[in-house]
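Trainee: Take a look at the following structure, please.
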Amino acid sequence: MRDAVIVEAVRTPVAKGRPNGALHGEHPADLLARTLTALVERAGIDPALIDDVIGGVVTQAGDQALNVTRSAVLAAGFPESVPAMTVDRQCGSSQQALHIAAQGVRSGAYDIAVACGVESMSRVPMGSAVLPGSDPFGPGVAARYPGGLVGQGISAELIAARWDLPREELDAFAYESHRRAAEAWKNGEFDREVAWAGQPDETVRPDTSPEVLAGLRPAYLDPAMAERFPEITWRITAGNASPINDGAAAVLVMSAEAAARLGLRPRARFHSFAVVGDDPLLMLTAIIPATAKVLDRAGLALDDIDLFEVNEAFAPVVLAWQRETGADLARVNVRGGAIAIGHPLGASGARLMTTLLHNLEDRGLRYGLQTMCEAGGQANATVIERL
Numbered sequence: 455m456r457d458a459v460i461v462e463a464v465r466t467p468v469a470k471g472r473p474n475g476a477l478h479g480e481h482p483a484d485l486l487a488r489t490l491t492a493l494v495e496r497a498g499i500d501p502a503l504i505d506d507v508i509g510g511v512v513t514q515a516g517d518q519a520l521n522v523t524r525s526a527v528l529a530a531g532f533p534e535s536v537p538a539m540t541v542d543r544q545c546g547s548s549q550q551a552l553h554i555a556a557q558g559v560r561s562g563a564y565d566i567a568v569a570c571g572v573e574s575m576s577r578v579p580m581g582s583a584v585l586p587g588s589d590p591f592g593p594g595v596a597a598r599y600p601g602g603l604v605g606q607g608i609s610a611e612l613i614a615a616r617w618d619l620p621r622e623e624l625d626a627f628a629y630e631s632h633r634r635a636a637e638a639w640k641n642g643e644f645d646r647e648v649a650w651a652g653q654p655d656e657t658v659r660p661d662t663s664p665e666v667l668a669g670l671r672p673a674y675l676d677p678a679m680a681e682r683f684p685e686i687t688w689r690i691t692a693g694n695a696s697p698i699n700d701g702a703a704a705v706l707v708m709s710a711e712a713a714a715r716l717g718l719r720p721r722a723r724f725h726s727f728a729v730v731g732d733d734p735l736l737m738l739t740a741i742i743p744a745t746a747k748v749l750d751r752a753g754l755a756l757d758d759i760d761l762f763e764v765n766e767a768f769a770p771v772v773l774a775w776q777r778e779t780g781a782d783l784a785r786v787n788v789r790g791g792a793i794a795i796g797h798p799l800g801a802s803g804a805r806l807m808t809t810l811l812h813n814l815e816d817r818g819l820r821y822g823l824q825t826m827c828e829a830g831g832q833a834n835a836t837v838i839e840r841l
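Under this note's numbering, the final residue of the sequence shown carries the number 841; numbering is consecutive throughout.
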């Protein structure tokens, strides 16, 4: 089986997903198009050589409907012969796109592919694809889970309760995410991966503090949920959860042979993949079995992994994962995570991979592991090896 290698990776700055955010004025197809253009320009390849473009988008409605990845390819000026598809594995959509691209290259179905993602949460709010009066789960799911499934905020509260994660620990983790991201921007550590020079990630708060975070009110307080789940003590706030964001990212994947033929330098290779399902009520815990599964498939131990990117949808997600795996938090999200940088849903998987690749290169390290929780109780995990 052929090696699938990463030749280039780029992302936008992550903006506030609000009408006053820096990227609100740009249609998501055009935002992704600019990212695709930056990707091929940096790599110096003819886009006509690309066999497929796989894009992750969570809310495929409105401006993000009708296979927006194909629209982005056309908006980027790529030849009409370049196909594209849009995938939805919820928050892991563009990480799944990475898996599809890399697995296609390894199998011989592709020589060159792009994995990417976009989400304009300011233009297409989360949940917009659920029509009024509709039931996206159906009677079968209702029968299996008679109490009903819950939103991610309640799932995060349940995780905090089950793993006994106090509010102070959640806020301390959130503060560290902002501190690391602010320090990385100050030191120019994001400059190579962000295509728009001079535009930092908008939701990084260099001036936040544990005291400020401690003063925030619970975000998901609900009397009905309090009665159903008396173990919840309402620890999740806007400060220890990821914000609403706009952004895009793209990764150029090809066979090692294609890279050699084109005179391009492989920067990392895809080592191992995993995707798992877990309890859809807790919803956000699948990163724990996903990590175990991908390490088993890789034949690696946790201590072999030099850096981790674990999506910070909510602080208790990463902290529960750390409790179960024993990972050293000094090696996790070393330039901050989604609590600070932001979580533009469909773009986040490719954003994390872009950051992980540059982190490994800048530190001269070998193995990186990326994992992220996904609505419905799923998770992807990926191990890459820097070359």
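Cβ coordinates follow ideal geometry from the N, Cα and C atoms, glycine included.
Note that the structure is predicted; figures quoted are calculated from it, not measured.
What span of residues does the beta strand (DSSP E) with Arg723 cover, start to end?
Mentor: Looking at the DSSP string, the run of the beta strand (DSSP E) that includes Arg723 is 722-731.
Trainee: Looking only at its own chain, which residues have a Cβ that is under 6 angstroms from the Cβ of Asn641, when we skip the five neighbours before and after it?
Mentor: Correct list: empty, nothing qualifies.
Trainee: Kindly identify the DSSP beta-bridge partner or partners of Phe768.
Mentor: In the DSSP output, where bridge partners are listed per residue, Phe768 has Ala695.
Trainee: Roughly how many angstroms lie between the CA atoms of Gly790 and Glu766, to the nearest whole one?
Mentor: For Gly790 and Glu766, the distance between alpha carbons rounds to 9 angstroms.
Trainee: Answer with buried or exposed for Val541, where buried requires no fewer than 16 other C-beta atoms within 10 angstroms of its C-beta.
Mentor: Buried, because 16 or more other Cβ atoms sit within 10 Å of the Cβ of Val541.
Trainee: Looking only at C-alpha atoms, which of Asp661, Glu462, Phe762 sits nearest to Tyr629?
Mentor: For the residues Asp661, Glu462, Phe762, the minimum Cα distance to Tyr629 belongs to Asp661.
Trainee: Contact between the segment 807-826 and the segment 760-776: three or more CB pairs below 8 angstroms?
Mentor: In short, these stretches touch, since the Cβ pair count reaches three.
Trainee: Hey, quick one: how far does the alpha helix (DSSP H) through Thr523 stretch, first residue to last?
Mentor: Looking at the DSSP string, the run of the alpha helix (DSSP H) that includes Thr523 is 522-529.
Trainee: Let's test the definition: count the other Cβ atoms within 10 Å of the Cβ of Asp625 and tell me whether it reaches 16, buried, or not, exposed.
Mentor: By the neighbour-count rule (16 or more Cβ atoms within 10 Å), Asp625 is buried.
Trainee: Go to Leu716, then tell me how far its alpha helix (DSSP H) extends in each direction, as first and last residue.
Mentor: Run containing Leu716: 710-716, per the alpha helix (DSSP H) assignment.
Trainee: To the nearest angstrom, how far is the alpha carbon of Asp484 from that of His478?
Mentor: Their Cα atoms are separated by approximately 11 angstroms.
Trainee: Where do the N-terminal and C-terminal ends of the alpha helix (DSSP H) with Asn813 fall, by residue?
Mentor: Per DSSP, Asn813 belongs to the alpha helix (DSSP H) from 802-817.
Trainee: Given this structure, state the Cα-to-Cα distance separating Ser582 from Thr513, to the nearest angstrom.
Mentor: Using only the alpha carbons, I get a separation of about 7 angstroms.
Trainee: For the beta strand (DSSP E) that contains Ser574, what are its first and last residues?
Mentor: Start and end: 566-574.
Trainee: The alpha helix (DSSP H) with Tyr629 in it runs from where to where?
Mentor: First-last of the alpha helix (DSSP H) with Tyr629: 621-640.
Trainee: Would you decide whether Leu823 is buried or exposed? Buried here means 16 or more other CB atoms lie within 10 Å of its CB.
Mentor: By the 10 Å Cβ count, Leu823 comes out buried.
Trainee: Apart from the five residues on each side of it in sequence, which residues of its chain come closer than 8 angstroms, Cβ to Cβ, to Val522?
Mentor: So the list reads Pro482, Ala483, Leu486, Gly509, Val511, Gln514, Thr540, Val572, once near-sequence residues are dropped.
Trainee: Just checking Gly652 against the ligand NAP - is the residue's beta carbon closer than 7 angstroms to any of the ligand's heavy atoms?
Mentor: This structure lacks the ligand NAP, and indeed carries no ligand of any kind.
Trainee: For the segment 771-787 and the segment 691-710, state whether three or more C-beta atom pairs, one from each stretch, are separated by less than 8 angstroms.
Mentor: No, the segment 771-787 is not in contact with the segment 691-710.
Trainee: Can you tell me whether Glu480 is buried or exposed, with buried defined as 16 or more other CB within 10 angstroms of its CB?
Mentor: Per the 10 Å Cβ criterion, buried.
Trainee: Roughly how many angstroms lie between the CA atoms of Ala538 and Ser525, to the nearest whole one?
Mentor: One C-alpha to the other measures close to 9 angstroms.
Trainee: Taking Ile838 and Arg723 to be in contact with their CB atoms under 8 angstroms, please state how far apart those CB atoms are, rounded to whole angstroms.
Mentor: That pair is a contact at about 7 angstroms.
Trainee: Would you call the segment 796-803 in contact with the segment 729-739, where contact means no fewer than 3 C-beta pairs closer than 8 angstroms?
Mentor: No, the segment 796-803 does not touch the segment 729-739.
Trainee: When DSSP labels each residue in this structure, what does Gly594 get in the three-state scheme?
Mentor: If DSSP states are grouped into helix, strand and coil, Gly594 belongs with the helices.
Trainee: On the criterion of 16 or more Cβ atoms from any shown chain inside 10 Å, does Asp733 qualify as buried, or is it exposed?
Mentor: The residue in question, Asp733, is exposed, as its Cβ has fewer than 16 Cβ neighbours within 10 Å.
Trainee: Taking 8 angstroms as the cut-off, decide whether the C-beta atoms of Val568 and Leu667 are in contact.
Mentor: No, the Cβ-Cβ distance between Val568 and Leu667 is not below 8 angstroms.
Trainee: Helix, strand or coil for Gly510 per DSSP?
Mentor: Gly510: strand per DSSP, three-state reduction.
Trainee: When the distance is taken between beta carbons, is Ala794 closer than 8 angstroms to Val658?
Mentor: Contact: yes.
Trainee: Do you know whose CA, among Ala829, Cys570, Tyr821, lies nearest Thr836's CA?
Mentor: Of the listed residues, the one whose Cα sits closest to Thr836 is Tyr821.
Trainee: Taking the beta carbon of Ser663 as the centre, do at least 16 other beta carbons fall within 10 Å, making it buried, or is it exposed?
Mentor: Exposed, since its Cβ has fewer than 16 Cβ neighbours within 10 Å.
Trainee: Once you ignore the five residues that flank Ile742 on each side, which residues in its own chain have a CB closer than 6 angstroms to its CB?
Mentor: Trp775, Glu778, listed in sequence order.
Trainee: Could you tell me the distance, in whole angstroms, from the CA atom of Ser547 to the CA atom of Leu799?
Mentor: Distance between the alpha carbons of Ser547 and Leu799: 8 angstroms.
Trainee: What separation, rounded to the nearest whole angstrom, lies between the Cα atoms of Gly594 and Leu603?
Mentor: Whole-angstrom Cα-Cα distance: 12 angstroms.
Trainee: So the candidates are Ser696, Gly558, Asp655, Glu623; which of them puts its Cα closest to the Cα of Glu665?
Mentor: It is Glu623.
Trainee: Assign Ala597 to buried or exposed, taking buried as 16 or more other Cβ atoms, counted over all protein chains shown, within 10 Å of its Cβ.
Mentor: By the neighbour-count rule (16 or more Cβ atoms within 10 Å), Ala597 is not buried but exposed.
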